[in-house]
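So the structure is just underneath, and the comments pick up after that.
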Amino acid sequence: MELQDKIVLVTGGGSGIGLAIAVKAKSKGAKVIICGRNEDKLKTSGEKFDLTYYRCDVSKESDVLSLFDKLKSEFGDLDVLINNAGFGYFSMMDEFDAEKFLAVYETNVLGAALMAREAAKIFKEKNNGTIINVGSTAALKGFVGGSAYSATKFALRGLSECWRAELRKFNVRVMQVNPSEVQTQFFETAASDSRDFNPTKLIAEDIAHAVISAIEMNDRGFTTEFTVFATNPQ
Ligand SMILES: NC(=O)c1ccc[n+]([C@@H]2O[C@H](COP(=O)([O-])OP(=O)(O)OC[C@H]3O[C@@H](n4cnc5c(N)ncnc54)[C@H](OP(=O)(O)O)[C@@H]3O)[C@@H](O)[C@H]2O)c1
1 MELQDKIVLV TGGGSGIGLA IAVKAKSKGA KVIICGRNED KLKTSGEKFD
51 LTYYRCDVSK ESDVLSLFDK LKSEFGDLDV LINNAGFGYF SMMDEFDAEK
101 FLAVYETNVL GAALMAREAA KIFKEKNNGT IINVGSTAAL KGFVGGSAYS
151 ATKFALRGLS ECWRAELRKF NVRVMQVNPS EVQTQFFETA ASDSRDFNPT
201 KLIAEDIAHA VISAIEMNDR GFTTEFTVFA TNPQ
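Residue numbers (our numbering): 1 to 234.
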């Protein structure tokens with residue numbers, strides 16, 4: 001798909017990986033909409049990079065429905081959904097907090113599914129579209145303290161497979177990208193863990209490059225899933 005004049009919606013696009021994908025799509029000539037919960041963050045990023053921004057908590061069905069209403073009235077169409085909104089919650093398996101466990105599920109799994117449900121209605125009708133789910137290497141392998149987060153990303157991988165099976169005959173490409181550690185606000189949000197910048201580790205723009213390259217492949221084909229690692233992290 002050539003991104004020129006295409007309409008691309010990026011959830012969690014106010015920061016990190018989502019913002020990098022949004023900026024890269026914009027540089028290819030796409031009309032890009034970002035969404036998130038924090039309006040100040042969205043406004044700052046939206047104004048800085050000339051992106052349309054809508055406030056939307058993807059875990060809330062009413063927010064998702066009003067986002068799609070706005071999208072339809074302002075843009076009238078959608079070509080690409082990037083399901084990127086997500087966060088982590090780390091805890092040992094015998095210590096987790098049930099509310100925090102559910103909250104991460106509501107965003108990373110239900111939120112992605114609500115967004116995809118509404119996007120799929122548009123894509124099926126026009127017989128074209130692309131959905132990219134931002135998973136994680138935590139979708140492929142568990143780790144100490146990762147129960148809640150890893151369970152959500154394994155679940156997202158299951159959703160990717162089901163959606164692919166349902167939507168392929170409508171020419172809808174469903175792909176999942178699994179980044180390993182990327183230097184964003186993620187670890188600060190998940191574990192109040194601020195790490196020094198390390199030039200040998202991945203940055204958000206590396207994931208954006210991989211995602212945009214996958215989208216730009218001719219629509220006759222697609223990469224189902226890809227994992228991105230740092231080459232030689234020190
Ligand atoms: N960084 C990593 O090492 C890494 C590795 C693998 C996968 N990932 C995945 O990459 C994605 C992006 O994370 P990131 O690293 O870029 O971290 P980030 O900078 O913290 O970005 C996460 C974004 O998601 C938004 N968000 C969270 N909950 C939301 C909700 N309910 N509704 C709408 N937006 C929501 C946040 O904005 P608001 O707070 O304004 O809502 C924020 O802009 C996540 O799915 C994460 O699991 C990250």
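Note that CB positions come from ideal geometry on N, CA and C, so glycine has one too.
Option in the options with minimal Cα separation from residue i
i: A230; options: V10, S147, C56 and T200; result: T200
i: G29; options: I7, S15 and K70; result: I7
i: R90; options: I122, Y105 and G221; result: Residue 90 is actually Phe in this sequence, not Arg. The candidate whose alpha carbon is nearest that of F90 is Y105.
i: D114; options: S27, L156, G88 and A138; result: Per the sequence shown, the amino acid found at residue 114 is Leu instead of Asp. Taking only the C-alpha atoms, the option nearest L114 is L156.
i: I131; options: A119, K141 and G142; result: A119
i: K43; options: F187, F170, G14 and F154; result: G14
i: M175; options: A151, A165 and T223; result: T223
i: S150; options: K121, L102 and R195; result: L102
i: M1; options: S180, F226, V172 and Q183; result: V172
i: S276; options: D57, G135 and V144; result: Outside the shown range of the chain, which is 1 to 234, sits residue 276, and nothing can be said about it.
i: A25; options: D63, D79 and L71; result: D79
i: F226; options: I212, C56 and G145; result: I212
i: L9; options: K31, I17, A20 and G16; result: K31
i: K126; options: G16, I207 and K169; result: K169
i: S158; options: V109, E47, F68 and G88; result: Position check: residue 158 holds Gly in this sequence, whereas Ser was assumed. The option with the nearest alpha carbon to G158 is V109.
heavy atom of ligand 1 below 8 Å from residue i C-beta
i: R37; result: yes
i: E106; result: yes
i: S180; result: yes
i: K70; result: no
i: V46; result: According to the sequence shown, residue 46 is Gly rather than Val. Every heavy atom of ligand 1 is 8 Å or more from the Cβ of G46, so no.
i: I132; result: no
i: K153; result: yes
i: G58; result: Checking the displayed sequence, the identity of residue 58 turns out to be Val instead of Gly. Flag set: Cβ of V58 near ligand 1.
i: N84; result: yes
i: E54; result: Note that residue 54 corresponds to Tyr in the displayed sequence, not to Glu. Checking the Cβ of Y54 against ligand 1 gives no.
i: S73; result: no
i: T231; result: no
i: F143; result: no
i: V136; result: Before going further, note that residue 136 is Ser rather than Val in the sequence given. It does: the Cβ of S136 is within 8 Å (strictly closer) of some heavy atom of ligand 1.
i: L19; result: yes
i: Q4; result: no
i: S91; result: no
Paired residues, beta bridge with residue i - DSSP
i: G36; result: R55
i: V10; result: I34 and I82
i: L202; result: V182
i: V228; result: P179
Where residue i sits in the DSSP three-state scheme
i: R195; result: coil
i: M92; result: coil
i: F170; result: helix
i: G146; result: strand
i: K31; result: strand
i: D84; result: According to the sequence displayed, residue 84 carries Asn and not Asp. In the structure shown, N84 sits in coil (DSSP, three-state: anything other than H, G, I, E or B).
i: I132; result: strand
i: M115; result: helix
i: E61; result: helix
i: T223; result: coil
i: S15; result: coil
i: D69; result: helix
i: L3; result: coil
i: N108; result: helix
i: F49; result: helix
Cβ of residue i within 9 Å of any chain D Cβ
i: H209; result: Protein chain content of the structure displayed is limited to a single chain, and chain D is not contained in it.
Near ligand 2: residue i beta-carbon under 8 Å from a heavy atom
i: L42; result: Of the ligands one can find in the structure shown, namely ligand 1, none is ligand 2.
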